[in-house]
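If you want my numbering, it's the 1-based position in the sequence shown plus 131.
Glycine included, every Cβ here is placed at the ideal spot set by N, Cα and C.
Predicted, not measured: the structure shown is a model, and the values here were computed from it.
Presented below is the structure to which this report refers.
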Amino acid sequence: MPELPEVETTLRGIESLILNKTISSIIVRQASLRWPVPTQLLKDKLINKNFSGIKRRGKYLILQSSEEFLIIHLGMSGSLRIAQKENLKKHDHIDIIFEDESILRYCDPRRFGCFLWTDNPNSHFLLKNLGPEPLGNSFNGKYLFDLSRKRRTPIKNFIMNSKIVVGVGNIYASEALFKAKIRPTRQAGKVSLQSYETLSEEIVSILGQSIDQGGTTLRDFVGSDNKPGYFKQQLEVYGRQGKECKICDSTLKNKIIGQRSSVFCPKCQK
Ligand SMILES: [Zn+2]
């Protein structure tokens, strides 16, 4: 799934190529995404207008036009790229075409993403309950520690809960817990402040590194520059169950937590 670093990379890749350009047309080939695409509304709102800003909130992209906003989510395997008219691929569901004929093209093979319009993203049902950004100022060990008291949920679920903090997907949660030497099954309420401080630093570090690498871990992600974006980063535990721990040589174990596989080292992670 496109994770926070892929969404941030997408934002940085398309930002300068789409802002302040007049939109000449919109083509919706498939309106049946996770929620129906409001095709006519998008045309009414955007044609002959432009995007004046773009930002990311969790894994959502929010594009501003006049005083209103387009919310885009890339779903399980979607991408958003600058494309040429002729290079249409299967699952390229939406084109936003600019006056200079460049195209912002949305591809979403599994159609779990969204393209929605709102006049207030802060009160939108998809965004209003989101926790802080992991790379923002209000995210730190103390924040996690305070919120986790008396919670019996496994720490991995706790940090993957977008109401607690946004954008910590399975890969990043697994890797950060390994680096912080915390077993993913530990009850969130029983983890110390010091461990939460280490964990929050590891989360920030791994997300930052991944963004720096143009980050993606997904095979079919297409970078906004139209190059295949497969910069798989060095992973210590994710996807390595049954293999040796790179630190202690123990065999890495896998446990299903909240329906997600969670690989950990039984010796390094307590
Ligand atoms: Zn180990």
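In the DSSP assignment, what are the bridge partners of residue i?
| i | result |
| --- | --- |
| Gln237 | Note on residue identity: the sequence assigns Tyr, not Gln, to residue 237. Its beta-bridge partners are Leu211, Ile225. |
| Phe246 | Ile203 |
| Val394 | Asn385 |
| Phe256 | Note: Phe256 sits in no beta bridge, so no partner. |
| Lys180 | Partner(s): none; Lys180 has no beta bridge. |
| Gln195 | Gly184, Phe200 |
| Pro285 | Gln318 |
| Glu375 | Thr382 |
Considering only heavy atoms of ligand 1, does any lie closer than 7 Å to the CB of residue i?
| i | result |
| --- | --- |
| Ser305 | no |
| Ile378 | yes |
| Ser381 | yes |
| Lys180 | no |
| Lys398 | yes |
Which whole-angstrom value is the C-beta distance of residue i and residue j, which I expect to be below 8 Å?
| i | j | result |
| --- | --- | --- |
| Leu211 | Ile145 | 6 Å |
| Arg165 | Phe289 | The pair is not a contact, with the Cβ atoms about 25 Å apart (cut-off 8 Å). |
| Pro315 | Ser381 | Pro315 to Ser381, Cβ: 15 Å. No contact. |
| Gly345 | Thr140 | 5 Å |
| Leu173 | Ile157 | 6 Å |
| His224 | Asp239 | 6 Å |
Measure from the C-beta of residue i to each C-beta in chain D and report whether the shortest distance is under 8 Å.
| i | result |
| --- | --- |
| Ser323 | Given the protein chain composition of this structure (a single chain), no chain D is represented. |
Original post:
Does the pairing of the region 330-347 with the region 303-316 give three or more beta-carbon distances under 8 Å?
Top reply: Because the criterion of three Cβ pairs below 8 Å is met, the region 330-347 and the region 303-316 touch.
Subject >> alpha helix (DSSP H) runs contained entirely in the region 134-173, provided each spans 4 or more residues >> reply: DSSP runs (the alpha helix (DSSP H)) wholly in the region 134-173: 135-149.
Original post:
Between the region 227-247 and the region 293-309, do three or more beta carbon pairs fall short of 8 Å?
Top reply: The region 227-247 makes no contact with the region 293-309; the number of CB pairs closer than 8 Å stays below 3.
Subject >> Sufficient close CB pairs (3 or more, under 8 Å) joining the region 254-263 to the region 314-331 >> reply: With fewer than three CB-CB distances shorter than 8 Å, the region 254-263 does not count as touching the region 314-331.
**OP:** Check whether the region 267-276 touches the region 192-205, counting contact only when three or more Cβ pairs, one atom from each stretch, lie closer than 8 Å.
**Re:** No, they do not touch.
Original post:
Does the region 222-231 come close enough to the region 288-307 to have 3 or more Cβ pairs within less than 8 Å?
Top reply: Judged by Cβ distances under 8 Å, the region 222-231 makes no contact with the region 288-307, as fewer than three pairs qualify.
**OP:** Could you tell me whether the region 174-194 touches the region 202-211, using the rule of 3 or more Cβ pairs below 8 Å?
**Re:** As far as the Cβ criterion goes, the region 174-194 touches the region 202-211, which means the pair count is three or higher.
**OP:** Within the region 308-345, note down every full beta strand (DSSP E) run reaching 3 residues or more, in order along the chain.
**Re:** As for any beta strand (DSSP E) of minimum length 3 sitting wholly inside the region 308-345, there is none.
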